[in-house]
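Trainee: Below is the structure I would like to discuss, written out as structure tokens.
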Amino acid sequence: MDMVAGRVWADERRPIRHIDWVLLLLIVVLTVVGLVLLHSISATTPDEAAFWLVRVIKQGATAGFGLLVIVLIASFDYRFFKVYAGFIYVAALAALVLVKIPGIGATDPSGVAQRWFAIAGLQITPSEITKLCAIVMLAAILSEIRTPEPTLGDLVRALAVAALPLVLVFIQPDIGTSIVLAAITVGILIVAGTRLLAFQVGVIQDFQRQRLTAFLDRANAPEDAKYNLDQSLIAVGSGGLLGRGYLKGTQTNLDYVPRQHTDFIFTVAGEEFGFVGAMFVLLLYALILWRAIRIATLSKDPFGTLVAAGIASMFAIQMFVNVGMVIGIMPITGIPLPFLSYGGSSILVGFAAIGMLESIHMRRFS
18 MDMVAGRVWA DERRPIRHID WVLLLLIVVL TVVGLVLLHS ISATTPDEAA FWLVRVIKQG
78 ATAGFGLLVI VLIASFDYRF FKVYAGFIYV AALAALVLVK IPGIGATDPS GVAQRWFAIA
138 GLQITPSEIT KLCAIVMLAA ILSEIRTPEP TLGDLVRALA VAALPLVLVF IQPDIGTSIV
198 LAAITVGILI VAGTRLLAFQ VGVIQDFQRQ RLTAFLDRAN APEDAKYNLD QSLIAVGSGG
258 LLGRGYLKGT QTNLDYVPRQ HTDFIFTVAG EEFGFVGAMF VLLLYALILW RAIRIATLSK
318 DPFGTLVAAG IASMFAIQMF VNVGMVIGIM PITGIPLPFL SYGGSSILVG FAAIGMLESI
378 HMRRFS
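According to the working numbering, the sequence shown holds residues 18 to 383 in order.
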């Protein structure tokens with residue numbers, strides 16, 4: 018066996034040699050930043066500090082488990098998921114149906130949305146898991162195309178597969194995740210060779226319409242629809258260049274920004290660490306997207322390329338919409354910021370997606 022053949026053999030037999038350590042480092046740094054920002058929220062009194070410390074510990078424990086998820090998924094050949102894509106997809110659809118059944122799915126305090134299962138004190142959100150399941154299913158279908166671009170039949174099949182979970186998520190109602198699913202579909206179809214794809218959403222509820230249009234016509238929007246936007250803009254704008262300092266954010270510590278630990282956590286970075294801190298967070302996301310796109314281009318087969326492209330699309334739309342709604346250039350849709358926003362399902366799905374990317378990267382020679 019000559020030297021070149023021996024190296025190829027080693028690459029194929031030991032995929033662990035090709036872990037993307039840069040991607041792992043970026044995820045760890047971003048997660049730590051998220052824990053720091055979460056700790057800063059509403060920590061003005063001993064009782065509040067203790068309450069949020071518990072949430073920080075819980076989020077940290079979830080992230081620690083997420084690292085194990087990365088190892089577990091990366092240890093599998095990503096092509097394994099292609100074989101069972103149909104079962105994964107059907108399971109995701111079943112979960113989306115079950116969560117809407119009274120007595121099985123849990124309803125939020127407003128009594129409007131029914132989006133998760135309450136199991137042993139934990140909230141499991143099927144719509145979050147569905148994003149990754151949809152990526153695998155769409156990639157499995159489109160990777161079998163043998164023409165330069167998808168035919169009309171291929172396009173209809175892919176759109177049908179995407180439409181089922183999208184509709185089930187939309188009627189929860191969860192317009193934010195619906196947007197993410199639509200963006201994932203567009204991203205995968207474009208990478209698969211589709212030249213043009215247009216989406217039209219149907220009729221949405223009044224409260225959703227008001228949230229979507231508040232950023233366009235703030236003067237005439239209802240007060241409750243534009244309040245979140247006003248408070249987030251105040252928080253980000255007051256940070257200036259270097260910020261007010263850690264634990265010194267007025268909007269953050271006095272709890273002026275609603276749902277700051279989930280949808281509006283980026284306001285903490287803007288207020289307490291200023292423009293520099295906010296740009297640092299955005300740089301981390303840009304580097305993660307770069308690594309995901311790089312993995313897509315290096316993949317040995319179309320399935321790996323499409324999965325990586327779908328994951329990149331998922332992270333990109335969540336980052337763009339979340340940060341955009343905080344600074345007033347995008348509608349308020351309730352999309353969490355990956356690896357920063359508080360929430361077990363969201364962060365675990367993010368880590369699972371990283372595990373998929375690592376699996377693709379590790380096996381690019383085999």
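Every residue, glycine too, gets a C-beta built ideally from N, C-alpha and C.
Please read all numbers here as calculations on a predicted model, not as lab measurements.
What is the rounded straight-line gap between the Cα of V203 and the Cα of L89?
Mentor: Locating residue 203 in the sequence shown gives position 186, where the first residue counts as 1. Locating residue 89 in the sequence shown gives position 72, where the first residue counts as 1. Near 29 Å, if we compare the C-alpha coordinates of L89 and V203.
Trainee: Can you tell me whether L70 is buried or exposed, with buried defined as 16 or more other CB within 10 angstroms of its CB?
Mentor: What you label residue 70 is simply residue 53 of the sequence shown in a count that begins at 1. Exposed, because fewer than 16 other Cβ atoms sit within 10 Å of the Cβ of L70.
Trainee: Excluding sequence positions up to five away, which residues of its chain have a Cβ less than 7 Å from the Cβ of G327?
Mentor: Here residue 327 refers to the residue found at position 310 of the sequence shown. Cβ within range, chain order: I152, L155, A156, I201, G204, I205.
Trainee: Taking the alpha helix (DSSP H) that G210 falls in, what are its first and last residues?
Mentor: Against the sequence shown, residue 210 aligns to sequence position 193. Here G210 belongs to no alpha helix (DSSP H), and DSSP marks it neither H nor E.
Trainee: Any contact of the region 109–118 with the region 156–175, i.e. 3+ C-beta pairs under 8 Å?
Mentor: No, because fewer than three Cβ pairs between the region 109–118 and the region 156–175 fall closer than 8 Å, the two stretches do not touch.
Trainee: Hey, would you say L55 sits closer than 8 Å to Y302, going by beta carbons?
Mentor: For this step, residue 55 is matched to residue 38 along the sequence shown. For this step, residue 302 is matched to residue 285 along the sequence shown. No, the pair does not count as a contact, with Cβ atoms beyond the cut-off.
Trainee: Taking 8 Å as the threshold, find out whether the region 104–111 comes into contact with the region 327–340 through three or more Cβ pairs.
Mentor: Taking 8 Å as the limit for Cβ pairs, the verdict is that the region 327–340 does not touch the region 104–111.
Trainee: Should L374 be labelled buried (16 or more other beta-carbon atoms within 10 Å of its own) or exposed?
Mentor: Taking the sequence shown and counting its residues from 1, the one referred to as residue 374 is at position 357. Buried, because 16 or more other Cβ atoms sit within 10 Å of the Cβ of L374.
Trainee: Just how far apart, CA to CA, sit A370 and N339?
Mentor: Indexing the sequence shown from 1 puts residue 370 at position 353. Indexing the sequence shown from 1 puts residue 339 at position 322. Going by the C-alpha atoms only, they are around 19 Å apart.
Trainee: Which residues in the same chain have their Cβ closer than 7 Å to the Cβ of G321, if we skip the five residues on either side of it in sequence?
Mentor: The residue you call residue 321 lines up with position 304 of the sequence shown. Correct list, in chain order: Y95, I377.
Trainee: Among the residues of its own chain, which have a CB less than 7 Å from the CB of L52, if the five just before and after it don't count?
Mentor: Here residue 52 is taken as the residue at index 35 of the sequence shown, counted from 1. Excluding sequence neighbours, L52 sits near V73, Q76, G77.
Trainee: Write down the C-beta distance between I364 and A80 rounded to the nearest angstrom, noting that I regard them as a contact closer than 8 Å.
Mentor: Residue 364 sits at position 347 when you count from the first residue of the sequence shown. Residue 80 sits at position 63 when you count from the first residue of the sequence shown. Going by Cβ atoms, the distance from I364 to A80 rounds to 6 Å, so yes, they are a contact pair.
Trainee: For the alpha helix (DSSP H) holding K99, just list the boundary residues, first then last.
Mentor: As a first step, residue 99 is located in the sequence shown; it is residue number 82 there, counting from the start. Its alpha helix (DSSP H) spans residues 96–100.
Trainee: Helix, strand or coil: which one does DSSP assign to Y359?
Mentor: One-based indexing of the sequence shown puts residue 359 at position 342. If DSSP states are grouped into helix, strand and coil, Y359 belongs with coil.
Trainee: For L300, does the count of other Cβ atoms within 10 angstroms reach 16, so buried, or fall short, so exposed?
Mentor: To locate residue 300, count along the sequence shown from 1; it is residue 283. Classification of L300: exposed, given that the 10 Å Cβ count is below 16.
Trainee: Enumerate in chain order the residues of its own chain whose CB-to-CB distance from E145 is below 6 Å, with the five nearest sequence positions on each side excluded.
Mentor: For this step, residue 145 is matched to residue 128 along the sequence shown. Excluding sequence neighbours, E145 sits near S362, S363, V366.
Trainee: Which residues in the same chain as L214 place their Cβ atom closer than 6 Å to its Cβ, once the five residues preceding and following it in sequence are excluded?
Mentor: Taking the first residue of the sequence shown as 1, we reach residue 214 at position 197. At L214 the pLDDT is 40, less than 50, meaning the model places this residue with poor confidence; the figure from the coordinates comes in the next sentence. Within the same chain, L214 has close Cβ partners V203, L206.
Trainee: Give every residue of the same chain whose Cβ lies closer than 7 Å to the Cβ of V39, excluding the five residues on either side of it in the sequence, and list them in chain order.
Mentor: Residue 39 sits at position 22 when you count from the first residue of the sequence shown. Closer than 7 Å at Cβ, skipping near neighbours: R308.
Trainee: Just the C-alpha distance for G291 and I282, rounded to the nearest angstrom, thanks.
Mentor: Looking up residue 291 in the sequence shown gives position 274. Looking up residue 282 in the sequence shown gives position 265. Cα-Cα distance, rounded: 14 Å.
Trainee: Around the Cβ of T284, are there at least 16 other Cβ atoms within 10 angstroms (buried) or fewer (exposed)?
Mentor: The residue you call residue 284 lines up with position 267 of the sequence shown. T284 should be labelled buried.
Trainee: List the endpoints of the continuous alpha helix (DSSP H) containing H35.
Mentor: For the purposes of this step, residue 35 is taken as the residue at position 18 of the sequence shown. Note, H35: premise wrong, no alpha helix (DSSP H); not H, not E.
Trainee: Quick check on E161: does DSSP put it in helix, strand or coil?
Mentor: On the sequence shown, position 144 is the one that residue 161 refers to. Here E161 sits in coil by DSSP.
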